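Here is the structure we will look at.
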Amino acid sequence: MNMTQPAIRESSRLAIVDIARGVALLAMFVYHFAYDLSSFRLIETDIVAEPGWRLFARGIAGTFLAIVGFSLVLATRKGFDSTAYLKRLAMVAGAAALVTLGTWRFMPGEFIFFGILHHVAVASLLALPFLRLPTIVVALAAAVAFALPSFVAHPLLDQPWAAWIGFSRAEIHTADFVPVFPWFGCVLSGIVLARLILPRLAGTALAGWRPGSKATRIVAWGGRHSLLVYLVHQPLFIGTLMLATQVIAPPSPEERAFRTDCQRSCAGPNAPEQVCRMVCACTVEGLKREKLWQKALDNLLSPQESTRMTELAQGCLRDGR
């Protein structure tokens with residue numbers, strides 16, 4: 001099963017595309033595992049609110065969607081196999097429905113109504129006419145798709161039923177949201193890239209390359225079965241973390257608040273964020289070890305105990321550097 005390729009014939013497959021898709025999956029694993037750690041309060045970073053992590057997530061989604069467009073060109077360069085196309089499309093649409101039903105059941109406040117799989121299914125239909133259009137027209141259409149959300153606005157499009165189009169200005173609560181616009185521009189960009197790259201790739205060593213090492217074979221396998229991998233990896237991550245939280249309790253709300261205040265006080269030109277995070281966590285452990293933690297929370301430390309807390313923090317800072 002292949003998340004990014006509704007219709008592809010084995011004779012048209014390029015191993016390098018499978019590798020690219022597999023690498024994108026690995027990046028997605030990193031993001032989703034960090035997201036899950038944040039959701040379980042096992043790390044202090046709010047992954048969703050962190051600009052760098054948001055940019056990382058968007059880069060992953062854009063890569064997958066560009067591969068969708070690339071794969072459509074690759075799959076149809078020897079003719080359009082409607083049976084294979086419809087079979088793959090049904091699999092992707094069915095998987096998208098499973099994601100919606102599963103998230104509706106387990107996280108109704110942020111259920112996924114139009115995530116990456118929903119977009120792949122819809123984009124695979126919308127992209128078909130562009131497979132026959134000149135490359136310059138497809139490139140212009142991609143630019144328009146990217147730009148439209150900045151110019152199109154109407155109260156009617158702010159309604160929940162229209163959110164999936166991508167023109168809504170309303171706040172949207174969902175764990176994964178990949179609306180048609182501007183993201184369809186990534187799919188069209190993939191079509192353009194395929195038009196530019198595939199003719200030059202024909203007959204080269206890269207076109208006939210096959211993964212040799214075990215690591216590259218595993219990555220390529222993941223790329224070939226990306227739909228299956230996508231559906232399975234999050235339940236595995238969440239199940240593992242649920243077990244882990246039975247052994248390692250996440251920080252209490254009081255401890256998280258203390259660490260946040262500590263990090264805010266620590267932050268400065270000579271104290272990077274990651275150093276402050278480590279120092280504050282280390283200080284909390286020191287206070288607990290010396291039976292001063294509850295007093296620190298209740299603001300009942302004596303002058304001598306306050307001095308000791310400062311010494312603990314300074315020691316943690318020295319160790320961290």
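First residue of the sequence shown: 1, per this note's numbering; consecutive thereafter. Where is the CB? At the ideal position from N, CA and C, for every residue including glycine. Since this is a predicted model, take the numbers as computed values, not measurements.
Worksheet item: Quick one: what's got a C-beta closer than 7 Å to E305's C-beta in the same chain, skipping five residues either side?
Response: L292, K295
Worksheet item: Quick one: complete alpha helix (DSSP H) runs, 4+ long, within the region 86–156?
Response: 116–126, 135–151
Practice prompt. Give every residue of the same chain whose Cβ lies closer than 8 Å to the Cβ of I8, excluding the five residues on either side of it in the sequence, and list them in chain order.
Written response: Here I8 scores only 38 on pLDDT, less than 50, and its place in the model is too uncertain to base an answer on.
Practice prompt. Check the DSSP bridge columns for F177 and list the partner residues they point to.
Written response: F114
Practice prompt. Note down the Cα distance separating A127 from P251, rounded to an integer number of angstroms.
Written response: 47 Å
Discussion item. Mapping the DSSP letters down to three states, classify I8 as helix, strand or coil.
Written reply: Any reading at I8 is ruled out, since the residue's pLDDT is 38, under 50, leaving its predicted position unreliable.
Practice prompt. Would you kindly report the start and end of the unbroken alpha helix (DSSP H) that includes D158?
Written response: Unbroken run through D158: none, as it is neither H nor E.
Worksheet item: DSSP on T45, reduced to helix/strand/coil?
Response: coil
Worksheet entry | Bounding residues of the alpha helix (DSSP H) (the contiguous stretch that carries K214) | 214–224
Discussion item. Using 8 Å as the threshold, is the C-beta distance between G115 and S189 below it?
Written reply: no
Worksheet item: Using CA coordinates, which residue listed in V247, A175, A207 is at the minimum distance from Y31?
Response: A175
Fill in: Short Cβ contact (8 Å threshold) for V229 with L25
yes
Worksheet item: If you run the structure through DSSP and keep just helix, strand and coil, what is S302?
Response: coil
Practice prompt. Could you tell me which uninterrupted alpha helix (DSSP H) segments, each at least 4 residues in length, are contained entirely in the region 226–257, listed from first to last along the chain?
Written response: 226–247
Discussion item. By alpha-carbon positions, which one of R132, H119, F64, L312 ends up nearest to R195?
Written reply: R132
Worksheet entry | Euclidean distance between Cα positions of S150 and R54 | 19 Å
Item to complete: Measure the CB-CB distance between V192 and T283 and report whether it falls below 8 Å.
Response: no
Practice prompt. Mind reading off the beta-carbon distance from G22 to V219? Whole number of angstroms is fine, and I expect it under 8 Å.
Written response: 4 Å
Worksheet item: For the alpha helix (DSSP H) that G59 lies in, which residues bound it at each end?
Response: 51–76
Worksheet entry | N- and C-terminal bounds of the alpha helix (DSSP H) containing G22 | 15–39
Discussion item. Please identify the residue among P129, A141, F181, F130 whose C-alpha is closest to the C-alpha of A153.
Written reply: F181
Worksheet item: G286 and C262: beta carbons closer than 8 Å?
Response: no
Worksheet item: Which word fits S11, buried or exposed, when buried means at least 16 other C-beta atoms lie within 10 angstroms of its C-beta?
Response: The predicted position of S11 is uncertain, since its pLDDT is 44 and thus under 50; no value can be drawn from it.
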